[in-house]
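Enquirer:
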Amino acid sequence: MINIDQDSLKNGVLGLVLAVVEILRDALQNQATRRIESGTLTDEEVERLGAALADLDLAIEGIKREQGLEQAVQSVRDGLDNLVDDVVQRVTGSSEWSRGPASTERQEAVGANR
Numbered sequence: 002m003i004n005i006d007q008d009s010l011k012n013g014v015l016g017l018v019l020a021v022v023e024i025l026r027d028a029l030q031n032q033a034t035r036r037i038e039s040g041t042l043t044d045e046e047v048e049r050l051g052a053a054l055a056d057l058d059l060a061i062e063g064i065k066r067e068q069g070l071e072q073a074v075q076s077v078r079d080g081l082d083n084l085v086d087d088v089v090q091r092v093t094g095s096s097e098w099s100r101g102p103a104s105t106e107r108q109e110a111v112g113a114n115r
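The numbering of the sequence shown is this note's numbering, which starts it at 2 and goes up by one.
Written out as structure tokens, the structure reads:
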């Protein structure tokens, strides 16, 4: 018989779900920034988009705090970051790509040049 700790399972699943929601939020924020910078949104649309993204941030952070999932979500995100790093390194044959704190500025610079 397999002994499963229900609380650990719940936290793991909720951590995974919230990590995926955070990744989607990040993608939405990046897309919103591109659209704003391209000038394709009206001032009213920019305001609504900013308010919606701010509300989403508050909701995500509130859920993580209420459920005590900050560490679980960060752990999932770190694991996914490491997985992406491994795949990129294998595909490119380069060890320069890293999602760690030292590379954040490099990645933002790359994103800004797109």
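Ideal Cβ placement from N, Cα and C applies to all residues, glycine included.
(1) By Cβ distance below 6 angstroms, which residues in the same chain neighbour L50 in space, the five residues on each side in sequence not counted?
(2) Which residue comes first and which comes last in the alpha helix (DSSP H) that contains T93?
(3) Which class does T34 belong to by DSSP, given the choice of helix, strand or coil?
(4) Using the rule of at least 16 other Cβ atoms within 10 Å of the residue's Cβ for burial, across every protein chain shown, is V77 buried or exposed?
(5) From R91, N12, A53, pick the residue whose C-alpha is nearest to that of L29; which is it?
(6) Quick one: what does DSSP say D44 is sitting in, helix, strand or coil?
(7) How do the segment 66-73 and the segment 15-27 stand: do at least 3 beta-carbon pairs fall below 8 angstroms, yes or no?
(8) I'd like to know if the segment 58-66 and the segment 18-28 are in contact, where contact means that at least 3 CB-CB pairs between them fall below 8 angstroms.
(9) Mapping the DSSP letters down to three states, classify N12 as helix, strand or coil.
(10) Could you tell me the distance, in whole angstroms, from the CA atom of L57 to the CA atom of Q90?
Expert: This is what the structure holds:
(1) Sequence index remark: in the sequence shown, residue 50 carries index 49 (1-based). Closer than 6 angstroms at the Cβ level, and outside the excluded window around L50, lie A33.
(2) Indexing the sequence shown from 1 puts residue 93 at position 92. Where T93 is concerned, the enclosing alpha helix (DSSP H) stretches over 71-93.
(3) Sequence index remark: in the sequence shown, residue 34 carries index 33 (1-based). It is helical.
(4) Within the sequence shown, residue 77 is the residue found at index 76, counting from 1. Looking at its Cβ environment, which holds 16 or more other Cβ atoms inside 10 Å, V77 is buried.
(5) Within the sequence shown, the letter at position 28 stands for residue 29. Residue A53 is the option with its Cα nearest to L29.
(6) As a working mapping, residue 44 is identified with position 43 in the sequence shown. D44 falls in the helix class under three-state DSSP.
(7) Yes, since at least three Cβ pairs between the segment 66-73 and the segment 15-27 fall closer than 8 angstroms, the two stretches touch.
(8) Touching, yes, given that three or more Cβ pairs across the two stretches are closer than 8 angstroms.
(9) Here residue 12 refers to the residue found at position 11 of the sequence shown. Residue state, collapsed to three classes: helix.
(10) The residue labelled residue 57 in the question sits at position 56 within the sequence shown. The residue labelled residue 90 in the question sits at position 89 within the sequence shown. Their Cα atoms are separated by approximately 33 angstroms.
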